[in-house]
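Residue numbers (my numbering), protein chains in the order written: chain A, 1 to 246; chain U, 1 to 809.
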Amino acid sequence: MKSFLFLFSVLMMPPIFASAAETPDDELAEERRDMIAAIENDVRDTARLINRESFSERVMDAMASVPRHEFVPERVRAKAYENRPLPIGRGQTISQPYIVALMTDLLEPRPGDRVLEIGTGSGYQAAILSRLVSDVYSIEIISELGEQATARLQRLGYDNVSTRIADGYDGWPEAAPFDGILVTAAISHIPPPLVRQLKPGGRMIIPVGTRFQTQYLTIVEKEPDGSVTTRQVIPVIFVPFTGGHQ
Amino acid sequence: MRPVGASPPLVVIFLLSATALAYEVLLVRLFSIIHWHHFAFMIISLALLGYGVSGSLITLFRQLCLRRYGELMFINVLLFGISAIGVFLIVQRMPFNALEILWDSSQWLRLFLTYLLLSLPFLFVANSIAMTMLRFDASIGRIYGADLIGAGAGAIAIMLLLSLFEPQTILRLLSLAGLAAGLLLLRMSGRRSLSAALLGAAAVLVILLPSSWLELRLSEYKGLEQTLLVDGVGILDSHSSPVSRIDVVESRQIPFRHAPGLSLQSPSGVPEQLGVFVDGDAMSAIDRGGVGTGPGYRAYVSSALPYELGRRLDEVLVLNSGTGADILQAAAYGSDSIDAVEADARLTKLISDIFADYAGWPAIAGRVSFHAATARAWAASSTRHYDLIVRGVPGASSGGAAGVFAFAAGFDLTVDAIEDYLAILKPGGYLAITLWTDTPPKGNLRLFASVVEALKASGVGEPGRRLAWIRSWNTATLLVKQGDLTDDEIGRIRDFARTRGFDLAWLPGIEEAEANRYQILPRAYFHEAAQALLGDRATDYIADYEYDIEPVRDSDPYFNDHFRWKSLPQFLALPGRAGIAMIDAGYPTLIASLLQAVAAALVLILLPLLFLKRKASLASGSRLHVILYFTAIGLAFLFIELSFIELLTLIIGQPLYAVAITLCLFLLFSGLGSLTVQWLQEKGFATAVILRSSVFGILVITLAYILLRGWMTEHLMSLPLFARILAASLFTAPLAFAMGMPFPLGLTATSRSAPALVPWAWGINGCASVLSAILAVLLSMEIGFHGVMLCAVALYLLAWRTLPGTRAT
Chain A
1 MKSFLFLFSV LMMPPIFASA AETPDDELAE ERRDMIAAIE NDVRDTARLI NRESFSERVM
61 DAMASVPRHE FVPERVRAKA YENRPLPIGR GQTISQPYIV ALMTDLLEPR PGDRVLEIGT
121 GSGYQAAILS RLVSDVYSIE IISELGEQAT ARLQRLGYDN VSTRIADGYD GWPEAAPFDG
181 ILVTAAISHI PPPLVRQLKP GGRMIIPVGT RFQTQYLTIV EKEPDGSVTT RQVIPVIFVP
241 FTGGHQ
Chain U
1 MRPVGASPPL VVIFLLSATA LAYEVLLVRL FSIIHWHHFA FMIISLALLG YGVSGSLITL
61 FRQLCLRRYG ELMFINVLLF GISAIGVFLI VQRMPFNALE ILWDSSQWLR LFLTYLLLSL
121 PFLFVANSIA MTMLRFDASI GRIYGADLIG AGAGAIAIML LLSLFEPQTI LRLLSLAGLA
181 AGLLLLRMSG RRSLSAALLG AAAVLVILLP SSWLELRLSE YKGLEQTLLV DGVGILDSHS
241 SPVSRIDVVE SRQIPFRHAP GLSLQSPSGV PEQLGVFVDG DAMSAIDRGG VGTGPGYRAY
301 VSSALPYELG RRLDEVLVLN SGTGADILQA AAYGSDSIDA VEADARLTKL ISDIFADYAG
361 WPAIAGRVSF HAATARAWAA SSTRHYDLIV RGVPGASSGG AAGVFAFAAG FDLTVDAIED
421 YLAILKPGGY LAITLWTDTP PKGNLRLFAS VVEALKASGV GEPGRRLAWI RSWNTATLLV
481 KQGDLTDDEI GRIRDFARTR GFDLAWLPGI EEAEANRYQI LPRAYFHEAA QALLGDRATD
541 YIADYEYDIE PVRDSDPYFN DHFRWKSLPQ FLALPGRAGI AMIDAGYPTL IASLLQAVAA
601 ALVLILLPLL FLKRKASLAS GSRLHVILYF TAIGLAFLFI ELSFIELLTL IIGQPLYAVA
661 ITLCLFLLFS GLGSLTVQWL QEKGFATAVI LRSSVFGILV ITLAYILLRG WMTEHLMSLP
721 LFARILAASL FTAPLAFAMG MPFPLGLTAT SRSAPALVPW AWGINGCASV LSAILAVLLS
781 MEIGFHGVML CAVALYLLAW RTLPGTRAT
């Protein structure tokens with residue numbers, strides 16, 4: 001029976017979690033540079049699929065300046081700068097940095113723009129946008145997440161981000177029209193109110209796929225004459241196990 | 001403590017086997033709810049390796065098992081009862097996330113622990129049976145018979161239990177059933193006090209276990225769990241059945257707005273809705289108020305196309321009617337007589353009974369007839385002809401990766417199915433099928449190819465003249481007319497698409513510019529495919545496409561399997577392993593399951609050899625024969641059983657009945673076959689003679705089935721349910737009877753020639769069965785069910801030539 005007892009003791013071992021050790025800032029700077037390098041690498045690898053050779057300098061600067069580790073839970077903080085999505089609890093994820101950068105780049109943000117985000121999540125995407133446009137409006141449907149993200153964004157000084165806990169379907173009519181809209185929720189159809197709140201010439205980005213794998217992005221474009229088209233890009237990128245430090 | 005006299009505790013074996021099979025089915029159900037079906041399949045397949053572990057353990061401790069049979073038997077039965085519920089409690093608390101498995105290496109450790117834990121109950125049951133065979137080697141036929149008949153009873157019992165109780169309650173009941181087997185064992189033994197006290201204590205613990213501990217903790221990434229996080233959301237109704245758990249959810253503050261592919265030009269919004277989740281995912285909706293004053297938003301989804309062609313569509317057949325979206329669409333457009341076919345009766349009950357008032361059911365009840373059947377069974381048996389046959393989009397999965405249903409066989413969209421649907425269309429009638437789109441497209445292209453093939457098979461010279469294909473942002477509707485489309489209809493289709501911002505993928509006379517105008521894809525995939533599939537390049541196009549889009553038939557009904565080996569290097573060569581995301585999840589899951597099972601099986605089969613090597617008396621020929629024989633029959637049994645389950649599902653038409661009846665018949669008659677082996681041996685028939693006869697029987701019946709299946713399907717599907725079940729039973733019973741013989745024959749022969757190898761043979765058979773369940777699915781995807789059955793026949797012939805002891809003696 002000893003073998004059984006040994007087996008049981010092995011089985012009862014607690015699951016292994018990532019270390020949540022505090023990391024010095026200079027080390028984080030290095031990790032952040034690695035993350036940027038990993039994103040640039042991915043852009044080159046997927047240039048044909050996403051129809052661009054590089055992301056704009058402004059977008060990459062924003063990616064380099066926002067402290068991603070502040071937007072993930074303690075238990076996965078050690079992996080904050082890996083080029084991979086991370087679970088942030090409550091079935092939510094913080095997207096892979098490459099996808100965040102791609103979505104932001106596809107939005108083609110300009111300094112004076114007003115942007116709406118549907119699905120605040122951890123607030124990371126809103127923080128990136130806040131460095132690129134004049135006003136960010138972000139809506140979260142789950143109150144607990146929305147409250148946490150609001151507090152986090154305030155603490156970190158992202159003052160041009162307004163948040164709201166509400167249904168993203170109806171958009172934010174008081175702040176409309178928007179130059180760009182980012183939707184991160186799973187949807188069965190593109191909400192007409194959001195299209196109405198998009199400025200002519202503006203664009204909306206919708207990722208499609210599972211929470212850990214964005215398979216394609218849909219870009220909704222509103223032409224100056226008000227007509228609307230959608231366009232798909234396939235950004236598939238996948239870096240299992242090794243994270244972004246390659 | 002010793003079991004009574006020289007006879008094996010057959011009743012205990014019967015009860016244990018019944019409980020273990022019920023437990024296996026229950027675990028698949030539980031893990032399909034908690035995670036997703038393909039992961040449930042993988043987890044439970046691997047957990048069944050407990051049977052293989054048992055063989056190795058008993059081989060190593062054979063003498064101990066013989067000497068302390070009574071005590072060890074009781075301990076194993078007791079541990080089964082406790083672990084059946086215990087391991088589930090532990091596994092539920094382990095934070096395993098199936099979606100993150102390719103990103104996070106720690107998930108593999110958790111998955112491995114899940115396998116280990118879940119294999120324990122099966123290990124204890126297998127130990128009990130194997131030890132009994134070892135201890136009562138003159139009664140192997142009877143013991144195996146009791147094992148199989150018990151499992152057959154378990155198959156029926158679990159279907160009944162799943163119809164009556166919540167899965168968590170059944171878990172408690174099965175645990176108690178395991179402990180009851182212990183009680184039976186005690187009644188057959190001498191000393192009772194301590195053992196009885198242990199059993200009693202365990203039973204009390206199981207009964208008193210707080211219900212909250214057993215509550216299912218669904219993956220937080222499933223749609224239902226996500227929805228429940230929203231303020232003001234509550235479950236109004238929850239019901240479990242053998243096929244699904246259905247939750248109806250109300251969102252009081254933030255309304256559901258489920259309208260797949262709704263046009264951006266829709267002037268109407270989506271009404272208030274209730275969300276309906278199947279197994280915590282696959283969301284669909286029930287609209288408040290039903291039809292209302294007109295089609296409203298339902299005129300602005302791609303599935304509205306047939307209603308906008310200027311014809312009155314009085315008689316409509318809605319396939320897989322689910323929560324009624326397509327019924328409401330037909331009713332809103334004024335159809336007078338709607339037949340709605342849905343195999344899951346609970347979904348029908350939701351709209352016509354439980355939430356009838358909410359759904360505005362009374363207003364249309366007089367126009368709708370419900371039929372609890374599969375689409376195929378109805379199409380094959382219907383004497384009515386329709387103006388329109390509709391098959392709408394399935395529920396929306398929130399977290400499941402593409403391709404997770406790759407190995408779920410389905411007969412609704414095979415070429416044979418489409419032929420059946422076309423056969424019950426009135427002249428000039430329409431068949432309209434709507435699917436979700438993906439990029440690059442897979443299922444939609446296969447559907448188009450299948451329709452073209454079905455039309456050609458029906459003698460239509462120019463299928464393209466009968467087809468219209470449009471796509472929205474995320475759905476595509478293929479319209480097939482029983483006759484050529486008229487100029488008026490073509491004009492209306494163009495108008496419909498233009499006013500809603502939908503693109504044309506195919507229409508007689510389509511121009512390139514119409515194909516990729518509003519919903520712009522990287523390439524005009526749909527249109528390119530339509531042109532190729534309707535032209536001379538169809539074969540080359542299908543062969544060259546990166547996914548498998550070849551039409552599927554009833555003998556190979558994996559509509560959602562698009563994996564192609566030849567595309568694998570191309571995907572994997574993409575920089576940054578980008579291509580992994582382009583591979584459907586289902587097929588790799590199967591491959592991963594197979595690799596893990598092969599690795600585990602090799603260890604479990606080879607490990608005891610290190611011990612057995614020391615025994616000079618065992619010739620290597622004996623071992624080789626044992627390996628070949630028990631591997632062959634282990635693989636072959638499930639190859640045939642699983643192929644029959646799938647194919648009889650088509651004939652019987654009710655998946656639930658089909659699985660329960662086929663499984664029960666197979667196990668029951670195999671058990672009788674095994675008991676007959678015992679009787680024949682006692683009458684003096686030689687083992688080799690009985691084996692030859694049984695293999696011959698299997699060969700003849702299987703070949704006859706393969707030859708007659710097409711005829712049977714065509715003629716039986718239109719018979720009443722009872723007649724279909726009877727006909728299926730007539731084929732199954734004699735085949736299963738013959739298939740129940742080789743295992744006890746082999747074990748008896750091994751017991752005579754090399755008794756030390758008996759538990760090892762049991763373990764090999766267990767490992768082979770696990771491999772077989774996975775291989776059967778993989779092979780059937782490649783070579784179809786008939787091919788799998790032929791492989792099984794070949795394996796039985798191999799077994800006939802390698803009966804243990806034949807060379808050694």
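Beta carbons are placed, not taken as given, at the ideal position from N, Cα and C, and that holds for glycine.
Would you please state the rounded distance, in angstroms, between the beta carbons of arginine 110 of chain U and phenylalanine 88 of chain U? I believe it to be under 8 Å.
The pair is not a contact, with the Cβ atoms about 15 Å apart (cut-off 8 Å).
Hey, does tryptophan 36 of chain U have any beta-carbon neighbour from chain A nearer than 7 Å?
Cβ-Cβ to chain A under 7 Å: no for tryptophan 36 of chain U.
In whole angstroms, what separates the C-alpha of proline 167 of chain U from that of glutamine 273 of chain U?
Whole-angstrom Cα-Cα distance: 28 Å.
Nearest to glycine 763 of chain U by alpha carbon, out of U/Ala299, U/Leu72, U/Ile129?
Minimum Cα distance to glycine 763 of chain U is reached at U/Ile129.
Please work out which residues of its chain come closer than 6 Å, Cβ to Cβ, to alanine 151 of chain U, disregarding the five sequence neighbours upstream and downstream, and give them in chain order.
Answer for alanine 151 of chain U: Ser17, Leu21, Leu667, listed in chain order.
Skipping 5 residues on each side, what residues in its chain have a beta carbon closer than 8 Å to that of tyrosine 823 of chain U?
As displayed, chain U neither begins before 1 nor continues past 809, which places residue 823 of chain U out of reach and without an answer.
Confirm, please, whether the CB-CB distance from glycine 673 of chain U to phenylalanine 731 of chain U is below 7 Å.
Taking 7 Å as the Cβ cut-off, phenylalanine 731 of chain U and glycine 673 of chain U do not qualify as a contacting pair.
If the cut is a Cβ gap below 7 Å, which residues of chain U does tyrosine 216 of chain A touch?
Near tyrosine 216 of chain A (Cβ distances below 7 Å), the residues of chain U are Thr439.
So which residues on chain A does tyrosine 358 of chain U lean against when the C-beta distance must stay under 8 Å?
Going along chain A, no residue has its Cβ under 8 Å from tyrosine 358 of chain U, so there is no contact; the nearest lies around 20 Å.
Pull out every residue of the region 52–73 of chain A whose Cβ sits closer than 7 Å to any Cβ of chain U, in chain order.
Residues: none.
Taking 8 Å as the cut-off, does the region 130–138 of chain A touch the region 248–260 of chain U (at least 3 CB pairs, one atom from each stretch)?
Short answer: they don't touch.
So tryptophan 213 of chain U is in the alpha helix (DSSP H); what residue range does that whole segment cover?
Counting along the chain, the alpha helix (DSSP H) containing tryptophan 213 of chain U begins and ends at 211–214.
Is it true that the region 191–206 of chain U meets the region 28–45 of chain U, where meeting means three or more beta-carbon pairs spaced less than 8 Å apart?
The region 191–206 of chain U, when compared against the region 28–45 of chain U, does not touch it at the 8 Å Cβ threshold.
Near glutamate 70 of chain A, what residues of its chain come up, given a Cβ to Cβ distance below 8 Å and the 5 sequence neighbours on each side ignored?
If we look at glutamate 70 of chain A and ignore the five residues flanking it on each side, its Cβ neighbours are Arg152, Leu156.
With a threshold of 16 other CB atoms inside 10 Å of the CB of serine 193 of chain U, please say whether the residue is buried or exposed.
Answer is exposed; the Cβ neighbour count stays below 16.
Relative to chain C, which residues along the region 106–132 of chain A have a C-beta separation below 8 Å, given in chain order?
Of the protein chains in the structure, A and U, none is chain C.
Measure the CB-CB distance between leucine 46 of chain U and tyrosine 115 of chain U and report whether it falls below 7 Å.
In contact: leucine 46 of chain U and tyrosine 115 of chain U (Cβ atoms closer than 7 Å).
Residues of chain U with CB closer than 9 Å to the CB of serine 95 of chain A, please, in chain order.
In chain order: nothing, as chain U lies at least about 12 Å away.
If you draw a straight line from the alpha carbon of glycine 275 of chain U to that of serine 567 of chain U, how long is it in whole angstroms?
If you take the alpha carbons of glycine 275 of chain U and serine 567 of chain U, they lie about 38 Å apart.
Who are leucine 638 of chain U's beta bridge partners in DSSP?
None, per the DSSP bridge assignment.
In whole angstroms, give me the CA-to-CA distance for isoleucine 424 of chain U and serine 780 of chain U.
If I take the Cα positions, the gap works out to 30 Å.
Along the chain, where does the alpha helix (DSSP H) that runs through histidine 371 of chain U open and close?
Careful: histidine 371 of chain U lies outside any alpha helix (DSSP H), inside the beta strand (DSSP E) at 368–371.
In angstroms, rounded to a whole number, what distance separates the CA positions of valine 43 of chain A and serine 54 of chain A?
Their Cα atoms are separated by approximately 6 Å.
For the alpha helix (DSSP H) holding threonine 499 of chain U, just list the boundary residues, first then last.
Residues 487–500.
CA-CA distance, threonine 230 of chain A and threonine 477 of chain U?
Distance between the alpha carbons of threonine 230 of chain A and threonine 477 of chain U is about 18 Å.
Does the count of Cβ pairs from the region 750–767 of chain U and the region 629–642 of chain U closer than 8 Å reach three?
Taking 8 Å as the limit for Cβ pairs, the verdict is that the region 629–642 of chain U does touch the region 750–767 of chain U.
If you draw a straight line from the C-alpha of glutamine 154 of chain A to the C-alpha of glutamate 646 of chain U, how long is it?
Looking at the two C-alpha atoms, the distance is approximately 58 Å.
Cβ of alanine 340 of chain U within 6 Å of any heavy atom in the ligand PLP?
With respect to the ligand PLP, the structure shown offers nothing to examine, as it has no ligands at all.
So, at 6 Å on beta carbons, what are the nonlocal neighbours of phenylalanine 669 of chain U in its own chain, with the 5 sequence-adjacent residues on each side left out?
Cβ within range, chain order: Ala733, Ala736, Phe737.
Grab me the residues of alanine 524 of chain U's own chain with a C-beta within less than 6 Å of its C-beta, minus the 5 sequence neighbours each way, in chain order.
Around alanine 524 of chain U: Ala515, Asn516.
Can you find the residues in the same chain that come closer than 6 Å, C-beta to C-beta, to leucine 319 of chain U, ignoring five residues on each side of it along the sequence?
Val341, Ala375, Arg391.
Got a sec? Which residues, its chain only, sit under 6 Å from valine 415 of chain U by beta carbon, not counting five neighbours each side?
Here the set comprises Ser450, Glu453, Ala454, Pro551, Arg553.
Just the Cα atoms here: how many angstroms apart are isoleucine 433 of chain U and valine 76 of chain A?
Spanning the two alpha carbons is a distance of roughly 45 Å.
Could you tell me if alanine 379 of chain U is buried or exposed, where buried requires 16 or more neighbouring beta carbons within 10 angstroms of its beta carbon?
Buried, since its Cβ has 16 or more Cβ neighbours within 10 Å.
If you count every other CB in all the chains shown that lies within 10 Å of the CB of arginine 466 of chain U, and 16 or more means buried, which is it?
The residue is buried, with at least 16 neighbouring Cβ atoms inside 10 Å.
Helix or strand or just coil, what does DSSP make of methionine 283 of chain U?
Strand, per DSSP.
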